[in-house]
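Input: a single structure, listed below in structure tokens.
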Ligand SMILES: Cc1ncc(COP(=O)(O)O)c(C=O)c1O
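Numbering (the numbering used here), first residue to last: 82 to 389.
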């Protein structure tokens, strides 16, 4: 499947097809409905100022040109952002998407093979956040889709959605050990062996990840800690002012909901090799990724002759 993000890519694609002698079959474009949403401005992917997708003023031209170039089957896509927890955020973009789909179908006589509503379905990172209302999401997206399909004007497309985080985020925790408890006279810090190199979301987006203590604890003694990592930046804070049972060096903490986008956004910053990954299934554990070593960090480096 080829899903283009810019009108300009059509000509490039045409040349590739011609060079390879391939028949031009299915093509799709990403529509930018100008109404975006997300847990942080960096993850909002629709709007006039945003790099993604093709705006209303060019979308008919894109499908018309694709038809003229000989493409025979069509899909359409939008993805408005990531980490959406309020289903009503989908209302305006869905409405606009549906209107545009009808417009393209009517004006160009195109029938769609698929309509892809993208992902973005969020999860409740904070224990007091309500989960996304899936019934409301269904009513906004699926019911509107069904209505236009039943009118018979856009063909019989498949409906696609692309939930990423919604499937994987809650599956994973980061298990980390406390190496230092510091009381600087003003504040308590719990220094751990995971940092923003391991999970960048709190530092990058200000995201909240719930943190719990793994070992049995005396819950009567609750104290407030900043849970901080080993990276040489003050922004290396995994949890700010968290109320936790009294902690000791050597204790283990679990940072929850790290399955999206945890490992994939991790890095070896500060020469810290990335962690191992363990799969737990029915009480059995399986190592699914080895811990990186210092040799791994150097493996792809090469020396120019004059330094040898
Ligand atoms: C085109 C597209 N679809 C789906 C997703 C998945 O988003 P999420 O994990 O927020 O559902 C992304 C994430 O960046 C994306 O860019």
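Even for Gly, the Cβ is constructed at its ideal location relative to N, Cα and C. The structure presented is a predicted model; accordingly, all values stated were derived computationally and were not measured.
- Under the 10 Å beta carbon count, residue 123 is surrounded by fewer than 16 other beta carbons and is classified as exposed.
- Exposed is the label assigned to residue 287, since fewer than 16 other Cβ atoms lie within 10 Å of its Cβ.
- Taking residue 305 as the centre and dropping the five residues before and after it, the same chain places the C-beta of 322 and 324 closer than 6 Å to its C-beta, in chain order.
- DSSP places residue 192 outside both helix and strand once states are collapsed to three, so it counts as coil.
- Residue 109 sits in a strand when the DSSP states are folded into three classes.
- Using a cutoff of 7 Å, the CB of residue 168 does not count as near ligand 1, since none of the ligand's heavy atoms is closer than that.
- Within a 10 Å sphere around the beta-carbon of residue 151 sit fewer than 16 other beta-carbons, which makes this residue exposed.
- Within the chosen limit of 7 Å, ligand 1 does not reach the beta carbon of residue 219 with any heavy atom.
- 143 is the residue among 143, 218 and 332 whose C-alpha sits nearest the C-alpha of residue 88.
- Residues lining ligand 1 by the Cβ criterion, that is a Cβ closer than 6 Å to any of its heavy atoms, are 160, 163, 164, 199, 200, 201, 202, 243, 244, 245, 246, 247 and 341 in chain order.
- The beta carbons of residue 377 and residue 357 sit about 12 Å from each other, so the pair does not count as a contact at 8 Å.
- The DSSP assignment places 246-249 and 282-286 as complete runs of the alpha helix (DSSP H) inside the region 233-317, in order along the chain (cut-off: 4 residues).
- The beta carbon of residue 205 lies closer than 6 Å to those of 212 in the same chain, with the five residues before and after it left out.
- Residue burial annotation: residue 362 is exposed, with fewer than 16 other C-beta atoms found within 10 angstroms of its C-beta.
- Pairing residue 312 with residue 93, the inter-Cα distance amounts to about 43 Å.
- Per DSSP, residue 334 is one residue of the beta strand (DSSP E) stretching across 333-336.
- Cβ atoms of residue 162 and residue 118 come within 8 Å of each other, at about 5 Å.
- A distance of 8 Å or more separates the beta carbons of residue 257 and residue 281.
- Just so you know, the alpha carbons of residue 267 and residue 259 end up roughly 20 Å apart.
- For residue 327, no beta strand (DSSP E) encloses it, and the DSSP letter there is neither H nor E.
- Take residue 121, set aside five residues on each side of it, and the residues of its chain with a beta-carbon closer than 6 Å to its own are 286, in chain order.
- Between the region 207-223 and the region 128-148 there are fewer than three inter-stretch CB-CB distances shorter than 8 Å, so the stretches are not counted as touching.
- As DSSP reads the structure, residue 158 sits in a beta bridge with 111 and 197.
- Linking residue 145 to residue 345 through their CA atoms gives a straight-line distance of about 38 Å.
- Exposure of residue 180 is indicated by the presence of fewer than 16 other C-beta atoms within 10 angstroms of its C-beta.
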